[in-house]
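All residue numbers for the sequence shown refer to my numbering, where the first residue is 1 and numbers rise by one. What follows is a single structure, written as structure tokens, with notes after it.
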Amino acid sequence: MSTMSIAVIIGNRDFFPDVLVGEARRDLLRLFQGFEVEPVILDENATKLGAVETWEHAKQCAELFRANRGRIAGVLVCLPNFGDERGVADTLKLAGLDSPVLVQAYPDDVDQFSVERRRDAFCGKISVCNNLRQFGIPFSLTASHTVPLLSDEFREDFRAFLGQCRVVRGLRNARIGAIGAVTPWTATV
């Protein structure tokens, strides 16, 4: 399998624990290594931990994506916590990639449901997807609403997403034509 580049948006919401963003970033890099995927992701120092929270962050992330447009096959939106729904949607709108988008959200761990570890990514994913729908940006979902990045379940979701990216990329410049009699689906016009 050849190396593929996937753009990454890590959503963050200011009052949620930053440690979750750092953990998600490490998980993403491990996951991508296993799939031979090259991330196009904000540097950790470009914004707070390389996450997108604000309009300024969205502009920075979109600029990075536009600069790498030719090699980006898809976009993974990662929500280690509730995330900023507007920041995610603004990034995708400004970047104008027209590539497949997959939205992932981490589950809360009921054994660690404290202020230091609270995620609320379940609700954040609903809000992010609502904004994407309002912006007219198509997206895909994971099989389970929340799923850890390094789980076998997400690896299957990600494998399917990479297949979707390969198909879209392969068909991007395809020319399809029909020669001969009228096709059955156009005969009843």
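Cβ coordinates follow ideal geometry from the N, Cα and C atoms, glycine included.
**Asked** Should residue 138 be labelled buried (16 or more other beta-carbon atoms within 10 Å of its own) or exposed?
**Response** Residue 138 comes out exposed.
Who are the near neighbours of residue 3 in its chain, counting only those whose CB is closer than 6 Å to its CB and skipping five residues on each side? Cβ contact annotation for residue 3 (same chain, cutoff 6 Å, sequence separation greater than five): 36, 38, in chain order.
Exercise. State the DSSP-derived secondary structure class of residue 102, mapped to helix, strand or coil.
Key: It is a strand residue.
* Would you call the CB atoms of residue 141 and residue 31 closer than 7 Å? -> No, they are not a contact pair.
Next on the checklist: Considering Cα atoms alone, identify which of 14, 126, 78 is closest to residue 24.
Outcome noted: Selected option, being the one with the closest Cα: 78.
Alpha helix (DSSP H) containing residue 64: first to last residue?
Where residue 64 is concerned, the enclosing alpha helix (DSSP H) stretches over 55 to 67.
| Quick one, are the C-beta atoms of residue 5 and residue 72 less than 7 Å apart? | Between residue 5 and residue 72, the C-beta spacing is below 7 Å.
| message | Can you check whether the C-beta of residue 152 is within less than 7 Å of a C-beta belonging to chain B? | response | Included in the structure is just one protein chain, with no chain B present.
Among the residues of its own chain, which have a CB less than 6 Å from the CB of residue 104, if the five just before and after it don't count? So the list reads 78, 142, once near-sequence residues are dropped.
### Task
Whole angstroms is fine: what's the gap from residue 167's alpha carbon to residue 99's?
One C-alpha to the other measures close to 11 Å.
**Item:** Sub-7 Å separation of residue 80 and residue 132 beta-carbons
**Value:** Taking a C-beta distance under 7 Å as the contact criterion, residue 80 and residue 132 do not qualify as a contact pair.
### Task
Helix, strand or coil for residue 5, going by three-state DSSP, please let me know.
Of the three classes helix, strand and coil, the one that applies to residue 5 here is strand, per DSSP.
DSSP three-state assignment for residue 10, whether helix, strand or coil:
In the structure shown, residue 10 sits in a strand (DSSP, three-state: E or B).
Range of the contiguous alpha helix (DSSP H) that encloses residue 85: Residue range 85 to 95 is occupied by the alpha helix (DSSP H) that includes residue 85.
Notebook entry, point to check: Between residue 84 and residue 11, which are expected to be in contact by the criterion C-beta below 8 Å, what is the C-beta distance as a whole number of angstroms?
Noted result: With 8 Å as the limit, residue 84 and residue 11 qualify as a contact, their Cβ atoms being about 6 Å apart.
Query raised in the report: Does the beta-carbon of residue 176 have 16 or more other beta-carbons within 10 angstroms, so that it is buried, or is it exposed?
Result: Using a 10 angstroms sphere on the CB of residue 176, the tally of other CB atoms stays under 16, which defines it as exposed.
**OP:** List the residues that DSSP assigns as beta-bridge partners of residue 74.
**Re:** The partner list for residue 74 (beta bridge, DSSP) reads 6.
Over the uninterrupted beta strand (DSSP E) stretch that includes residue 52, give me the two end residues.
Taken as a continuous stretch (DSSP letters only), residue 52 belongs to no beta strand (DSSP E), as it is neither H nor E.
Under a Cβ-count criterion, where at least 16 other Cβ atoms within 10 Å of its own Cβ denotes burial, should residue 102 be classed as buried or exposed?
-> By the Cβ-count criterion, residue 102 is buried, with 16 or more other Cβ atoms from all chains shown falling within 10 Å of its own Cβ.
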